[in-house]
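K.L.:
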Amino acid sequence: MKGRKWAVWLVLAAMFLTLAVPVGHAAGAAGGISIVLDGKTIESDVAPYIIPVANVTMVPLRIISEELGATVGWSQKEQQVTIRGGADKLIVMKRGERFALVNDNRIDLEASVDMKSGRTMVPLRFVSETLGLNVKWSQKEQLITLTTGGSEHPSQPSSGTGGDPEPGGQPSDGNPGNRPEGNAPSDGNTSGKGLRGVWVSTVYNLDWPSQGSYGKSLKQMEEFRQLLDDVQSIGMNAVFVQVRPASDAFYPSLLVPWSRFLTGVQGLAPDYDPLSFMIEETHKRGMEFHAWFNPFRASVDAKTETLTNNHVVKQQPDWIVNAGGKLYINPGIPQARQHIINTIMEVVNGYNIDGVHLDDYFYPTNVDFADNQTFQAYNPNSIASKADWRRSNINAFVRDLGTTIHAAKPKVRYGISPFGVWRNQSVDKTGSDTKAGVTTYDSMYADVRTWIRQGWIDYINPQIYWSMSFPAARYDKLVDWWVQEVKGTGVDLYIGHAPYKLGTKEAGWQSAQEIINQLKYNEKYPEVKGDVFFSAKDIRKNPLGIKDALRNYYIAS
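Start counting the sequence shown at 466; every next residue gets the next number (our numbering).
So this is what it looks like as structure tokens:
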């Protein structure tokens, strides 16, 4: 039964927290407390015991896990086990901590996880409430009877202390943060002026967290709270936070290492779950949280000595291509694409996100990408042109990821932010009236038109990072083109804006009014459902008074 299996997966932690030898087959110590699970006497060389002052009964984990299985990751350095089981359960425990994380909900313990004779011990109440087991205690027989009860969906664990749930209310099962799953607007419209978001770049610590916050979780958390408050004060209602900058993670993962942009060292865990924290803080403010993934970038450089052993570059070197001194996962290898989908689904299944967002890192531009052997080995349809074959690889990835996301959580919105020019008219008469040196179709092998027409995505968010007066790629002409692409398809259109260019010498960026004029231009099209700004730091620096300009447009008007 699913109930029994997920309920006891956490007990597998003992095998890794202790690294002990197999349990001996002696009955509970003479005169000690015994345990029966679903009618079966559990044998152990360490019997349950009572902590006198706290009056808490401690029970061993390992002994009730031997007939069950789960996917488990163990960090000897961190003394931490991460367990993923069925029903999308993610469990994290650290030796010596007085709490556990169950689907990123912090569950306080009545007494700390303890060690006795090489066994991991936890409070009985935690077993009964967090693991969903029914417990009966016989004082006369000194007997604990545990039953799973056949529940398919065990009740949500309480705090373990009899106190109130975490701020924001009792979180729903599997959804950290205080917004119940499914409350994300299905049409992407969060107010009269639609979605208003900012990208939050974590790569190189561009937006968050600061390098000065490495190893200082309280400082890191306060920085993010301040970021949210700042952007919300000027009318933003969504953040697109980069949680996978370089085949790594801003959350506990079984598949990829912790990002070095969190702690300064790849693989070094912070003392909190950043993703769970960010989602909760974002939802507290009534804002949307979109998890932003960089899909195919493996590393920002070619240095492998700083990468952990569980990084994809070292785990799957045959998947990696060095292009221009940076490492990429080869999109032409089906197993590599599936690996990326699996990492994204860790977040979809484990967290209450409002959306999955991809940037335009597919194939790199203007560099040689050595995939001739892959072209020969993984071309079952015998596509003659390598360019068409590359586009088919990206199409397969976009389609399969969307199918997987919507099968798991249909209300999670899935969208992509491509480069702003699909194709020039000079190359394709159906392209835009532009003279761009790079295009998404020919340079990055991203066939965005197919994604839209096939309905594989919920929204498209082109990066139209040029002004209304930039002759090679005018903002207004590109908005016109993208509106026609989405019209009648059911795919929403968000426009990506470039406040980072304000104050530069490029044509049109000498006044903050440029951004406002762009927003006003969008108003003529109902197909434009919102706007996203790159990036948070560039708005917060307030170049040319953009903060007041946006505040007046979104809030005062």
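All C-beta atoms, glycine included, are put in the ideal place defined by N, C-alpha and C.
(1) Looking only at its own chain, which residues have a Cβ that is under 8 Å from the Cβ of Asp825, when we skip the five neighbours before and after it?
(2) Pop quiz: Asn987 and Asp996 are said to be a contact at Cβ under 8 Å. What is the actual Cβ separation, rounded to whole angstroms?
(3) Run through DSSP, which three-state label would Asp1003 get?
(4) Report the residue from Asp923, Ile515 and Ile500 whose alpha carbon sits nearest the alpha carbon of Lys601.
(5) Just list the residues that DSSP pairs Phe664 with in beta bridges.
(6) Using beta-carbon positions only, say whether Arg750 and Leu683 come within less than 8 Å of one another.
(7) Which residues mark the beginning and the end of the beta strand (DSSP E) in which Phe998 is found?
(8) So His748 is in the alpha helix (DSSP H); what residue range does that whole segment cover?
(9) Helix, strand or coil: how does DSSP classify Asn570 here?
(10) Can you give me the start and stop residues for the alpha helix (DSSP H) that Asn858 sits inside?
(11) Judging by CA-CA distance, which residue of Pro1008, Leu984, Lys1006 and Ala1021 is the nearest neighbour of Arg661?
(12) What span of residues does the alpha helix (DSSP H) with Glu688 cover, start to end?
(13) In three-state terms, what does DSSP make of Glu988?
(14) Whole angstroms is fine: what's the gap from Arg855's alpha carbon to Gln841's?
(15) Is the stretch 803–812 touching the stretch 863–873 in the sense that three or more CB pairs, one from each, lie closer than 8 Å?
(16) For Asn1027, count neighbouring Cβ atoms within 10 angstroms of its own Cβ and tell me buried if that reaches 16, exposed if not.
(17) So Leu943 packs on Thr899, CB below 8 Å; how close in whole Å?
(18) Just to confirm, are Ala714 and His755 a CB contact at a threshold of 8 Å?
(19) If contact is defined by three or more beta carbon pairs under 8 Å, each pair taking one atom from either stretch, is the stretch 723–740 in contact with the stretch 794–804?
(20) Do Tyr959 and the ligand SAM come close, with the Cβ less than 7 Å from some heavy atom?
(21) With a floor of 4 residues, list each alpha helix (DSSP H) that falls wholly inside the stretch 902–943, ordered by position along the chain.
(22) Tell me, which residues are paired with Ile794 by DSSP?
(23) Grouping DSSP H, G and I as helix and E and B as strand, with all else coil, what is Leu958?
(24) Assuming Glu688 contacts Ser675 under a Cβ cut-off of 8 Å, what Cβ separation, rounded to an integer in Å, is found between them?
(25) With a threshold of 8 Å on Cβ separation, who are the neighbours of Ile785 within its own chain once the five nearest residues in sequence on each side are excluded?
(26) Beta-carbon within less than 6 Å of Pro1008's beta-carbon, same chain only, minus the 5 sequence neighbours each way: which residues are those?
(27) If I follow the unbroken alpha helix (DSSP H) through His804, where does it start and stop?
(28) Starting from Leu733, follow the beta strand (DSSP E) in both directions and report where the run begins and ends.
(29) Excluding the five sequence neighbours on either side, which residues of its own chain have a C-beta within less than 8 Å of the C-beta of Gly653, listed in chain order?
(30) Under the rule that 16 or more other beta-carbon atoms within 10 Å means buried, what is Ala1014, buried or exposed?
(31) Is it buried or exposed, Ile870, if we count other Cβ atoms within 10 angstroms and call 16 or more buried?
(32) Could you name the residues that DSSP lists as bridge partners for Lys894?
(33) Would you mind working out which of Lys851, Asn759, Met752 and Ala849 sits nearest Asp819, comparing C-alpha positions?
(34) Give the secondary structure of Gly1042 by DSSP, where H, G and I count as helix, E and B as strand, and everything else as coil.
(35) Would Ala873 and Asn814 be called neighbours here (beta carbons separated by less than 8 Å)?
(36) According to DSSP, simplified to helix, strand and coil, what is Ala714?
P.N.:
A quick look at the data gives this:
(1) So the list reads Ile881, Ser882, Pro883, Phe884, Thr905, Met909, Ala911 and Gln928, once near-sequence residues are dropped.
(2) Cβ atoms of Asn987 and Asp996 come within 8 Å of each other, at about 7 Å.
(3) Correct three-state label for Asp1003: helix.
(4) Measuring from the Cα of Lys601, the nearest candidate turns out to be Ile500.
(5) Per the sequence shown, residue 664 should be read as Trp rather than Phe. Beta-bridge pairing links Trp664 to Phe705.
(6) The Cβ atoms of Arg750 and Leu683 lie no closer than 8 Å to each other.
(7) Counting along the chain, Phe998 sits inside the beta strand (DSSP E) bounded by residues Val993 to Phe998.
(8) Bounds of the alpha helix (DSSP H) holding His748 are Pro739 to Lys749.
(9) Looking at Asn570 - three-state DSSP - the assignment turns out to be strand.
(10) Per DSSP, Asn858 belongs to the alpha helix (DSSP H) from Lys851 to Ala873.
(11) Here the closest residue by C-alpha is Leu984.
(12) Looking at the DSSP string, the run of the alpha helix (DSSP H) that includes Glu688 is Ser682 to Ser698.
(13) Note: Glu988 maps to coil in three-state DSSP.
(14) Whole-angstrom Cα-Cα distance: 12 Å.
(15) Yes: at least three Cβ pairs fall under 8 Å.
(16) With the chain covering 466 to 1022 only, the question about residue 1027 has no answer from this structure.
(17) Cβ atoms of Leu943 and Thr899 come within 8 Å of each other, at about 7 Å.
(18) Ala714 is not a Cβ neighbour of His755, given a cutoff of 8 Å.
(19) The way I'd put it, the stretch 794–804 doesn't touch the stretch 723–740; fewer than three beta-carbon pairs between them come closer than 8 Å.
(20) This structure simply doesn't include the ligand SAM, nor any ligand for that matter.
(21) For the stretch 902–943, the full-length alpha helix (DSSP H) segments reaching 4 residues or more read 905–908 and 913–919 along the chain.
(22) Its beta-bridge partners are Ile785.
(23) The answer is strand: DSSP assigns Leu958 an E or B state.
(24) The C-beta distance from Glu688 to Ser675 rounds to 6 Å, short enough to meet the 8 Å contact threshold.
(25) Closer than 8 Å at the Cβ level, and outside the excluded window around Ile785, lie Ala763, Val777, Val778, Leu792, Tyr793, Ile794 and Asn795.
(26) The residues Leu967 and Gly968, in chain order, have a CB closer than 6 Å to that of Pro1008 in the same chain once the five nearest residues on each side in sequence are set aside.
(27) For His804, the enclosing alpha helix (DSSP H) covers residues Pro799 to Gly815.
(28) No beta strand (DSSP E) holds Leu733; DSSP gives it neither H nor E.
(29) Because the pLDDT of Gly653 is 42, which lies under 50, any placement of that residue in the model is unreliable, and the question is left without a value.
(30) Taking a 10 Å sphere around the C-beta of Ala1014, we find 16 or more other C-beta atoms and assign the residue as buried.
(31) Buried is the call here.
(32) For Lys894, which the question treats as bridged, DSSP gives no partner whatsoever.
(33) In terms of CA proximity to Asp819, Met752 leads the group Lys851, Asn759, Met752 and Ala849.
(34) The structure shown has nothing for residue 1042, since the chain only spans 466 to 1022.
(35) Judged by beta-carbon spacing, Asn814 lies within the 8 Å limit of Ala873, meaning their Cβ atoms are closer than that value.
(36) Here DSSP, grouped into helix, strand and coil, assigns Ala714 to strand.
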